[in-house]
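Peer 1:
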Amino acid sequence: MKVHLYSSPNGRIVAVDNCDKARDLLPAYGPPAPMFDGQPVSYSVARACIREYGGMWLRADGLRRFKPGARANQTTGTIRA
86 MKVHLYSSPN GRIVAVDNCD KARDLLPAYG PPAPMFDGQP VSYSVARACI REYGGMWLRA
146 DGLRRFKPGA RANQTTGTIR A
């Protein structure tokens, strides 16, 4: 699955799976500034970016938050949709 990446004003990443359920979780004001010219990236690229810089990942199954420098399977929690 492809993932859209956005950069928030505080330097964190907002990753959004390319599916309706994930897009429905976006805030009403819309996403922050798009990364990669607004083109979706592969899951592995999105995972590397969000683990390095931290942020949140909007997925079909809910929201996951990552601390900067997170290692594999280290999140701050999942909120189910």
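Residue numbering for the sequence shown follows my numbering, starting at 86 and increasing by one per position. All residues carry an ideal CB built from backbone N, CA and C; glycine is no exception. This one's a predicted model, so the numbers in the text were calculated from it and none came from an experiment.
1) With a threshold of 7 Å on Cβ separation, who are the neighbours of residue 145 within its own chain once the five nearest residues in sequence on each side are excluded?
2) Quick check on the burial criterion: 16 or more other C-beta atoms within 10 angstroms. Buried or exposed for residue 133?
3) Measure how close the beta-carbons of residue 98 and residue 110 come, nearest whole angstrom, since I'm counting them as under 8 Å.
4) My output table needs one value for residue 119: the three-state DSSP class, helix, strand or coil.
5) Helix, strand or coil for residue 97, going by three-state DSSP, please let me know.
Peer 2: Reading it off the structure:
1) For the purposes of this step, residue 145 is taken as residue 60 along the sequence shown, with counting starting at 1. Excluding positions up to five away in sequence, the list reads 102, 104, 106 and 107.
2) Looking up residue 133 in the sequence shown gives position 48. So residue 133 ends up on the exposed side.
3) Residue numbering aside, residue 98 sits at position 13 when the sequence shown is read from its first letter. Residue numbering aside, residue 110 sits at position 25 when the sequence shown is read from its first letter. A Cβ-Cβ distance of about 15 Å is found for the pair residue 98 and residue 110, leaving them out of contact under the 8 Å criterion.
4) On the sequence shown, residue 119 is found 34 positions in, with the first residue counted as 1. Note: residue 119 maps to strand in three-state DSSP.
5) Taking the sequence shown and counting its residues from 1, one reaches residue 97 at position 12. Note: residue 97 maps to coil in three-state DSSP.
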